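Going by the working numbering, 23 is the number at position 31 of the sequence shown; the sequence numbering is gapless.
In what follows, a structure is listed as structure tokens, so that the remarks can point back to it.
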Amino acid sequence: RIEWIPFCCTEKGKTEYMCTPNKVPIDDPVHRFSGIRCLNMTRPVSFQTSGCIANNTSPERINTATPIMDLSNVYGSVLNGSLRARTFKGGLLKEEVETGRVWPPSVPIGVCRLNQRPAETRCHGTPDDVTNTLAGINLVATWFWRQHNKIARKLAKIN
């Protein structure tokens, strides 16, 4: 689990324990012309930071992530999330069509933690909120979402 703190590169972030901002040197080969001099980074939550074990022990990360291919980002890992994704008609998952492309349903942009405006403007209302945190997970979720509905439609024709 990662605690998202968006202000690690600001003055306020200097005193926040969970912040570990990455300073970008002026001659950085990737960012030297971008003006970016700091990359926001947050420490992973550990058993120490959550108060489960003493701080003087070796850091032990809390990892609640499931493997990417378990499809919890499509079907959810709890019942409420799973129900939120379904139309309850023909085995379909909820979807939206935008500029001819099929997407998981959208939610207000404010809930996407890592979206960088103005380029990234779509946020998906999938059963697992982690879908909107990394491009790879989002890509896999969107692809499987589309495939699920494609197969459901074909099965509906047969039945």
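Heads up, the beta-carbon is just placed ideally off N, CA and C, and yes, glycines get one too.
Fair warning: this is a prediction, and the values are worked out from it, not measured in the lab.
**Prompt:** Which ranges does the beta strand (DSSP E) cover as unbroken runs of at least 3 residues, wholly within the segment 108 to 138, from first to last along the chain?
**Reply:** No beta strand (DSSP E) of 3 residues or more sits fully in the segment 108 to 138.
**Message:** Within the continuous alpha helix (DSSP H) that includes residue 76, where are the two ends?
**Reply:** The sequence position of residue 76 within the sequence shown is 84, counting from 1. 71 to 77 is the span of the alpha helix (DSSP H), which, as asked, contains residue 76.
**Limits of the alpha helix (DSSP H) - the one that residue 16 falls within** = The sequence position of residue 16 within the sequence shown is 24, counting from 1. Unbroken run through residue 16: none, as it is neither H nor E.
**Request:** Under 8 Å Cβ to Cβ from residue 141, same chain only, skipping five residues before and after it: list those, please.
**Result:** As a first step, residue 141 is located in the sequence shown; it is residue number 149 there, counting from the start. Result list for residue 141: 84, 85, 87, 94, in chain order.
**Prompt:** Whose CA, out of 64, 29, 48, 19, lies closest to the CA of residue 124?
**Reply:** Counting from one through the sequence shown, the residue named residue 124 turns up at place 132. Cα-wise, what sits closest to residue 124 is 64.
**Asked** Does the segment 32 to 49 come within contact of the segment -6 to 9, defined as at least 3 CB pairs closer than 8 Å?
**Response** yes
**Message:** Among the candidates 50, 15, 43, 113, whose CA atom is the shortest distance from the CA of residue 90?
**Reply:** The sequence position of residue 90 within the sequence shown is 98, counting from 1. Residue 113 is the option with its Cα nearest to residue 90.
**Asked** For residue 92, which option in 115, 138, -2, 18 has the closest C-alpha, if you only look at C-alpha atoms?
**Response** By one-based count along the sequence shown, residue 92 stands at place 100. The shortest Cα separation from residue 92 among 115, 138, -2, 18 belongs to 138.
**Asked** Which residues does DSSP pair with residue 145 in a beta bridge?
**Response** Residue numbering aside, residue 145 sits at position 153 when the sequence shown is read from its first letter. Bridge partners of residue 145: none, in fact.
**Message:** Just to confirm the assignment, what range does the alpha helix (DSSP H) spanning residue 66 have?
**Reply:** Residue numbering aside, residue 66 sits at position 74 when the sequence shown is read from its first letter. From DSSP, the alpha helix (DSSP H) with residue 66 extends over 64 to 67.
**Request:** Under 8 Å by Cβ, that's how I've got residue 133 and residue 96 pegged, so tell me the actual separation to the nearest angstrom.
**Result:** Numbered from its first residue, the sequence shown carries residue 133 at position 141. Numbered from its first residue, the sequence shown carries residue 96 at position 104. Between residue 96 and residue 133 the Cβ distance is about 7 Å, and since that is below 8 Å, they are a contact.
**Prompt:** Apart from the five residues just before and just after residue 74, which ones in its own chain have a Cβ nearer than 6 Å to its Cβ?
**Reply:** The sequence position of residue 74 within the sequence shown is 82, counting from 1. So the list reads 67, 68, 119, once near-sequence residues are dropped.
**Prompt:** The beta strand (DSSP E) spanning residue 93 covers which residue range?
**Reply:** On the sequence shown, position 101 is the one that residue 93 refers to. Segment 93 to 95, the beta strand (DSSP E) holding residue 93.
**Same chain only: Cβ atoms within 8 Å of residue 100, ignoring 5 sequence neighbours per side** = Counting from 1 along the sequence shown, the entry for residue 100 is found at position 108. If we look at residue 100 and ignore the five residues flanking it on each side, its Cβ neighbours are 115.
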